[in-house]
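Chemist:
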Amino acid sequence: MADITKDMTIGEILRVKPDVAPALMEAGMHCLGCPSAQGETLEEAAMVHGIDIDSLMSKIADIA
Numbered sequence: 000m001a002d003i004t005k006d007m008t009i010g011e012i013l014r015v016k017p018d019v020a021p022a023l024m025e026a027g028m029h030c031l032g033c034p035s036a037q038g039e040t041l042e043e044a045a046m047v048h049g050i051d052i053d054s055l056m057s058k059i060a061d062i063a
């Protein structure tokens, strides 16, 4: 399974590892299925939502 990186789009992340959806929702990214999620990287989405990307990456890494 591929590692999740902050340069991946949210759509890619959800296709590779759908188990991260709750962590993204909890962080405030509630529009996981919207068109922006298909073209916006995790880092870009974090910036738009005022989320610390390093903290979010840590939460994602903890999901087995």
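Letter by letter, the sequence shown follows residues 0 to 63 in numbering that gives the first Met the number 0. Don't be surprised by glycine CBs; every beta carbon is placed ideally from N, CA and C. Note that the structure is predicted; figures quoted are calculated from it, not measured.
Have a look at T40, V47 and S35 and flag the residue whose alpha-carbon is nearest the alpha-carbon of G27.
Modeler: Comparing Cα-Cα distances from G27 to each of T40, V47 and S35, the minimum goes to V47.
Chemist: Using beta-carbon positions only, say whether A22 and I62 come within less than 8 angstroms of one another.
Modeler: Against a cut-off of 8 angstroms, the Cβ pair of I62 and A22 comes out as a contact.
Chemist: Quick check: what's the CA-CA separation for K5 versus I59?
Modeler: Their backbone Cα atoms lie some 10 angstroms apart in a straight line.
Chemist: Rounded to a whole number of angstroms, what is the C-alpha to C-alpha distance between L31 and G10?
Modeler: When rounded, the distance between both Cα atoms is 8 angstroms.
Chemist: Start and end of the alpha helix (DSSP H) containing D53?
Modeler: I52 to A60 is the span of the alpha helix (DSSP H), which, as asked, contains D53.
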